[in-house]
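Student: The structure under discussion is supplied below as structure tokens; questions concerning it will follow.
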Amino acid sequence: MSQSTTSVDLKRKGSSLQDNSWLQLFGTGISRDFKKSKSTSHATYLKHHITESGEVVEIITDDVDFAPYDYDGQIRRCQQRIQEGFARETYEMKIQTLKAQKAAVQGLKAQYRGRSWEVIQRIGSLQIIAAHLEERGDPLGELPNVYAIIWAYENGQLQWDDNATYWCQGRMIAGPSPFSWDDFRSLNTQENRGHGGFWVEGIFPLAPSQKAMIWMSPAHTEMGIPEVPMIIRLDASIGAHEINRQDHTGKPFPMFISRFQDDTGSDFMTIRQNDMHELMGNDIQISPAPMAHLMGYSTIALADGRISVVMIISLEVNMQGTDEQGNFAYMHPSWTTVPCGVFDRVGPGAEPMAPGGSSRLAGPFLRSMFYVGSAPGIPYHHLYAGSERQALLDLLPTAPEGSAGPPRFRVPPVGANWAPNPATGFYAPSASMGERGIVPPNARGA
């Protein structure tokens, strides 16, 4: 597949959408036609809203009653507000932004005519991943899979739905079908992979279950983000192939216990590359990554708007808790297999990450598997978890009357993404995800 086949020219101009084609392609079923909206806009109503104390409140709404891609409706709403004399300059600027967004999406639709919005977005993500792998020399041999998947989406041979497909050496070897960890284990073999990597394309639903254990977060960091004690390991499930349960020397893969930030916005667990290396045991001597557990790569949107790329591997995860006697216990009787992102710095010359690098994120595991809660006014914003509903209720404290209050100001975290200056060898803070926390071999100071 040629490079030109997978490139996207975002400047390419497409024909305008007509009539209802926009809603047919991008509508979510909850879009509200502007003509059916209330004659008085939300902003106008809220502008004249009077509280019980007699105070007149002005509130600007972000038009949450419109579907995200209903640009025409949002533009007309802005025009109505301008006519009403409400924040004229603000909504004139917003109209220009909405028109630019609409034009960009129309151009993409014209470029990928007949493709769903999900497929178009997925093609864009795969192109970012391809550029990431090209820059790094494709250390795990995944580019043939990425190119082939992009081609399949572009030519209508693959859809973005609830099914998964499995890829090796630039070809689909199974699917589309509902994702199964058993399928992943049976298909991700050395014979199928050859000299390349394995790739799962699609969605990975999980089916959790519960058992009665409890956990309460300790006092935590200055940021006030709870840190969850997670236990992870490479696949050691009973149903796995024997080769997946031990390294090449015959030793079981080690378990890794650490604190993970409970970031409720993360779609999957993330770890650092040196964490992955520790999980590999002696296999780190023969491979830069656990190939039998490799699922591909994914883009992630960071809080500041940047897009980064992470390697995806399969891990088994459990959580450290206590039983009714206060003794150490696994929160769940069995381990759960999950996809996990690894901040990608593999290949020749890669070094362990320096302190201050990317945070480990717990992902959705905690809330998918357990009952989770908090109580108002409790110091340090403790987080509580129980494997049964009653266990959580018994664990939650009773907050004193009137103890609820606004969050306390907290000192900003001390730390940065330290990266070396190639000219001096000294460390300097870096905002680049690609330079995050790499230790130089000749660092002379910090």
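For the sequence shown, position 199 matches number 199 in full-length UniProt numbering, and the numbering has no gaps at all. Glycine included, every Cβ here is placed at the ideal spot set by N, Cα and C. No experiment lies behind these values; they were computed from the predicted model shown.
From Gln283 to Asp275, what distance separates their C-alpha atoms?
Tutor: Looking at the sequence provided, one finds Asp at residue 283 rather than Gln. In a straight line, the C-alpha of Asp283 is about 13 angstroms away from that of Asp275.
Student: Among Ala110, Gln74, Glu84, which one has its Cα closest to the Cα of Thr97?
Tutor: Closest option to Thr97, Cα to Cα, is Gln74.
Student: Where DSSP assigns a beta bridge to Gly114, which residues make up the other side?
Tutor: For Gly114, which the question treats as bridged, DSSP gives no partner whatsoever.
Student: Using C-beta distances below 6 angstroms, list every residue in its chain close to Leu158, excluding the 5 sequence neighbours before and after it, in chain order.
Tutor: Ala152.
Student: Assign Phe328 to buried or exposed, taking buried as 16 or more other Cβ atoms, counted over all protein chains shown, within 10 Å of its Cβ.
Tutor: Exposed, by the Cβ-count rule.
Student: Could you check the C-alpha separation between Arg360 and Met311 for me, to the nearest Å?
Tutor: So the two alpha carbons sit approximately 14 angstroms from each other.
Student: Is it the case that the Cβ atoms of Leu366 and Pro339 are separated by a distance below 9 angstroms?
Tutor: Result no, Cβ atoms of Leu366 and Pro339 do not sit closer than 9 angstroms.
Student: Going by CA-CA distance only, name the one from Glu191, Asp161, Tyr371 that's closest to residue 447.
Tutor: This structure does not reach residue 447, given that the chain is present from 1 up to 446, and the question cannot be answered.
Student: Buried or exposed: which applies to Gln261, given that a residue is buried once 16 or more other Cβ atoms fall within 10 Å of its Cβ?
Tutor: By the neighbour-count rule (16 or more Cβ atoms within 10 Å), Gln261 is buried.
Student: Give a yes or no on whether the C-beta atoms belonging to Ala385 and Gly373 are separated by under 9 angstroms.
Tutor: Yes, these two residues count as a Cβ contact at 9 angstroms.
Student: Write down the C-beta distance between Ile257 and Gln320 rounded to the nearest angstrom, noting that I regard them as a contact closer than 8 angstroms.
Tutor: Yes, they are in contact, since the Cβ atoms of Ile257 and Gln320 sit about 7 angstroms apart, within 8 angstroms.
Student: Measuring CB to CB, does Met255 end up less than 9 angstroms from Arg233?
Tutor: For Met255 and Arg233, yes; Cβs fall inside 9 angstroms.
Student: Report yes or no: do three or more beta-carbon pairs, one from the segment 178-188 and one from the segment 127-139, lie closer than 8 angstroms?
Tutor: They do not touch, by the three-pair rule.
Student: Express the C-alpha separation of Ile313 and Ile173 in angstroms, rounding to a whole number.
Tutor: Their backbone Cα atoms lie some 19 angstroms apart in a straight line.
Student: Which residues share a DSSP beta bridge with Tyr297?
Tutor: BP columns for Tyr297 point to Met311.
Student: I'd like to check one pair, Glu142 with Thr165: are the Cβ atoms closer than 9 angstroms?
Tutor: Against a cut-off of 9 angstroms, the Cβ pair of Glu142 and Thr165 comes out as no contact.
Student: Any chance you could list the alpha helix (DSSP H) runs of at least 4 consecutive residues sitting entirely within the segment 128-199, in chain order?
Tutor: Runs found: 143-154, 181-187, 190-193.
Student: Going by beta carbon distance, what residues of the same chain come within less than 7 angstroms of Lys35, once the five residues before and after it are set aside?
Tutor: Unreliable placement is indicated for Lys35, whose pLDDT of 32 sits below 50; the coordinate value is still reported in the next sentence. Here the set comprises nothing.
Student: Skipping 5 residues on each side, what residues in its chain have a beta carbon closer than 7 angstroms to that of Glu278?
Tutor: So the qualifying residues of the chain are Pro254, Phe256.
Student: Measuring CA to CA, which of Ile95, Asp267, Gln285 is closest to Ser298?
Tutor: Of Ile95, Asp267, Gln285, the residue nearest in Cα terms is Asp267.
Student: Nearest to Arg193 by alpha carbon, out of Glu154, Met369, Gln169?
Tutor: When each option's Cα is compared against that of Arg193, the closest is Gln169.
Student: May I ask which residues mark the beginning and end of the beta strand (DSSP E) holding Tyr69?
Tutor: Element bounds for Tyr69: n/a, residue is neither H nor E.
Student: Where Val105 and Ser116 are concerned, what is the direct C-alpha to C-alpha distance, given to the nearest angstrom?
Tutor: Spanning the two alpha carbons is a distance of roughly 12 angstroms.
Student: Please return the same chain residues whose Cβ sits closer than 7 angstroms to the Cβ of Gly29, not counting the five positions on each side in sequence.
Tutor: The predicted position of Gly29 is uncertain, since its pLDDT is 29 and thus under 50; a value taken from the coordinates is nonetheless stated next. Nothing meets the Cβ criterion.
Student: Between the alpha carbons of Trp335 and Val317, how many angstroms are there, rounded?
Tutor: Each residue's alpha carbon lies about 6 angstroms from the other.
Student: Enumerate in chain order the residues of its own chain whose CB-to-CB distance from Arg389 is below 6 angstroms, with the five nearest sequence positions on each side excluded.
Tutor: Excluding sequence neighbours, Arg389 sits near Tyr371.
Student: Around the C-beta of Ala292, are 16 or more other C-beta atoms found within 10 angstroms, so that it is buried, or is it exposed?
Tutor: By the neighbour-count rule (16 or more Cβ atoms within 10 Å), Ala292 is buried.
Student: For Asp247, which residues in the same chain have their Cβ closer than 8 angstroms to its Cβ, ignoring the five residues on either side in sequence?
Tutor: For Asp247, where only same-chain residues beyond five positions count, the Cβ hits under 8 angstroms are Phe253, Met280, Gly281, Asn282, Asp283.
Student: Comparing alpha-carbon positions, which option in Trp167, Pro364, Val146, Gln127 lies nearest Ser308?
Tutor: Of Trp167, Pro364, Val146, Gln127, the residue nearest in Cα terms is Gln127.
Student: Write down the C-beta distance between Arg88 and Ile82 rounded to the nearest angstrom, noting that I regard them as a contact closer than 8 angstroms.
Tutor: Indeed, because the Cβ distance is near 5 angstroms, the residues count as touching under 8 angstroms.
Student: Going straight from the alpha carbon of Tyr112 to that of Ile123, what length do you get?
Tutor: One C-alpha to the other measures close to 10 angstroms.
Student: Can you say whether Gln325 is buried or exposed, counting buried as having 16 or more other CB atoms within 10 angstroms of its CB?
Tutor: Result: exposed.
Student: Hey, how far is the Cα of Ile149 from the Cα of Gly196?
Tutor: Rounded to whole angstroms, Ile149 to Gly196 spans 15 angstroms at the Cα level.
Student: If you draw a straight line from the C-alpha of Phe343 to the C-alpha of Val146, how long is it?
Tutor: Rounded to whole angstroms, Phe343 to Val146 spans 18 angstroms at the Cα level.
Student: Who are the near neighbours of Lys99 in its chain, counting only those whose CB is closer than 8 angstroms to its CB and skipping five residues on each side?
Tutor: Result list for Lys99: Tyr71, Ile75, in chain order.
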